[in-house]
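Residue numbers (this note's numbering): 323 to 405. Presented below is the structure to which this report refers.
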């Protein structure tokens with residue numbers, strides 16, 4: 323089951339509970355919390371898609387090796403300007 327399906331299930335369960343309860347403060351809190359959860363799931367899905375893109379680009383090419391070199395080069399040079 324994907325994160326999105328779990329989120330949809332959670333959203334429908336919360337809405338069902340809210341209809342039964344009708345407490346405005348609890349409704350507002352639940353909606354705010356659900357909004358935060360949706361935002362987190364969206365971020366996770368976006369990150370997951372970016373990782374998939376990098377993996378696809380890396381397969382059968384030097385892309386990943388070049389990326390690692392590019393990312394580690396600044397780290398290797400840290401402190402060289404001090405001496």
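Glycine is no exception: its CB is placed at the ideal position from the N, C-alpha and C atoms.
One Cα belongs to residue 338, the other to residue 368, and the distance between them is close to 29 angstroms. A direct Cα-to-Cα measurement between residue 358 and residue 324 gives close to 18 angstroms. Relative to the Cα of residue 349, the nearest Cα in the group 361, 335 and 362 belongs to 335. For residue 350, the uninterrupted alpha helix (DSSP H) run begins and ends at 346-380, by DSSP.
Our two residues, residue 372 and residue 330, have alpha carbons roughly 23 angstroms apart in a direct line. Excluding sequence positions up to five before and after residue 363, its CB lies within less than 6 angstroms of the CB of 325 and 329, all in the same chain and listed in chain order.
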